[in-house]
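Enquirer:
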Amino acid sequence: MGISQPDSAEAPVAAVVIAVLNEAANVAPVCAELMPVLAALGRCEVLFVDDGSTDATAAEIARQQQTNPAIRLLRHDRPCGKTAALRTGIAAARAPWIATMDGDGQNDPADLLRMLALGRNATRSQAGKPAPLIAGIRRRRSDRLSRRIATRIANGFRRAVLGDACPDTACGMKVFRRDDFLRLPAFEGMHRFLPALFQLYGHETVCCPVGHRARLTGRSKYSNFGRALAGLADTAGVVWLRARTRLPAVVREEAPPLRVREEALSS
18 MGISQPDSAE APVAAVVIAV LNEAANVAPV CAELMPVLAA LGRCEVLFVD DGSTDATAAE
78 IARQQQTNPA IRLLRHDRPC GKTAALRTGI AAARAPWIAT MDGDGQNDPA DLLRMLALGR
138 NATRSQAGKP APLIAGIRRR RSDRLSRRIA TRIANGFRRA VLGDACPDTA CGMKVFRRDD
198 FLRLPAFEGM HRFLPALFQL YGHETVCCPV GHRARLTGRS KYSNFGRALA GLADTAGVVW
258 LRARTRLPAV VREEAPPLRV REEALSS
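Mapped onto our numbering, the consecutive letters of the sequence shown carry residue numbers 18 to 284.
Written out as structure tokens, the structure is:
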């Protein structure tokens with residue numbers, strides 16, 4: 018799917034990418050809270066990626082587009098998973114900075130302002146270094162006890178194996194540069210391993226405490242058991258990727274010899 022990119026003068030400063038699957042009842046309240054927050058940033062865009070919903074999710078997003086021209090809707094013809102939906106939105110985004118959040122109302126959009134400021138300020142103060150990944154860390158989980166326990170076990174296992182020093186990689190709120198994300202190897206579930214993957218490519222991870230709330234309506238699309246099985250396989254995959262990735266410390270383009278340049282100018 019090819020999506021044209023506008024001139025840089027017209028490009029938004031940031032894009033919020035939200036993957037949704039059967040979240041029709043949550044679209045309007047999420048937009049009502051998000052859009053006033055983004056007004057403080059200037060020109061922004063919001064990309065909803067409907068990952069093959071079978072309810073009225075797409076229709077609700079289209080209704081929001083009537084009053085919010087910054088909202089864009091991309092649709093998958095079938096469910097492909099959260100990572101695929103996020104990648105679709107990030108690839109289509111026009112902004113250099115990407116913020117991700119969930120579409121169920123559990124995230125507070127106001128946290129995105131602090132996270133974007135952290136990323137942009139760090140990039141300015143550390144000129145020449147790769148831009149950091151800003152990872153949201155949920156301070157108080159508003160999930161049922163079994164989900165909190167399962168997440169704590171999964172985070173502990175991942176940190177012990179990967180050493181990514183991030184206590185909550187499953188938080189949906191993250192901020193990073195678009196081009197940096199698109200350079201990463203893609204696989205379903207990679208959104209839970211972004212700190213380790215970004216670190217593999219030389220990026221620092223900055224943890225930022227964020228709020229967490231109960232889901233507005235509906236149910237989670239993941240079971241604890243299913244997520245645990247996928248997490249074990251994905252962790253093994255990330256270990257393999259790190260072992261097989263070779264990256265240069267410095268890349269430098271050298272000018273051709275003087276004689277070659279002189280001949281090129283004279284021809």
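Even for Gly, the Cβ is constructed at its ideal location relative to N, Cα and C.
Do Q81 and V44 come within 8 Å of each other at the CB atom, strictly closer than that value?
Expert: Yes. Within cutoff.
Enquirer: Could you tell me the alpha carbon to alpha carbon distance between G19 and R194, rounded to whole angstroms?
Expert: Below a pLDDT of 50, predicted positions are generally treated as unreliable, and G19, at 40, falls in that range; the measurement from the model is reported next regardless. Cα to Cα, G19 sits roughly 20 Å from R194.
Enquirer: What residues in its chain sit with their C-beta under 8 Å from that of D24, if we drop five residues either side in the sequence?
Expert: Confidence at D24 is low in this model, with a pLDDT of 46, below 50, so its placement is unreliable and no value can be given for it.
Enquirer: Enumerated in chain order, which unbroken segments of the alpha helix (DSSP H) with a length of 4 residues or greater are wholly contained in the segment 174-253?
Expert: The qualifying runs are 195-199, 211-217.
Enquirer: For the beta strand (DSSP E) containing A36, name the first residue and the last one.
Expert: Here the beta strand (DSSP E) through A36 covers 31-37.
Enquirer: Check each candidate in L55, A250, G219 and name the one with the smallest Cα separation from K146.
Expert: It is G219.
Enquirer: According to DSSP, what are the bridge partners of A116?
Expert: V33, V192.
Enquirer: Tell me which residue opens and which closes the alpha helix (DSSP H) that D128 is part of.
Expert: Residues 127-142.
Enquirer: Among the residues of its own chain, which have a CB less than 7 Å from the CB of T117, if the five just before and after it don't count?
Expert: So the qualifying residues of the chain are V34, L103, G189, M190, K191.
Enquirer: Do E50 and A87 count as a contact pair if the criterion is CB distance below 8 Å?
Expert: No, the pair does not count as a contact, with Cβ atoms beyond the cut-off.
Enquirer: With distance defined between alpha-carbon atoms, name the residue in I166, L199, R157, A152 nearest to A182.
Expert: Here the closest residue by C-alpha is A152.
Enquirer: Name the one or two DSSP bridge partners that L55 has.
Expert: Partner(s): none; L55 has no beta bridge.
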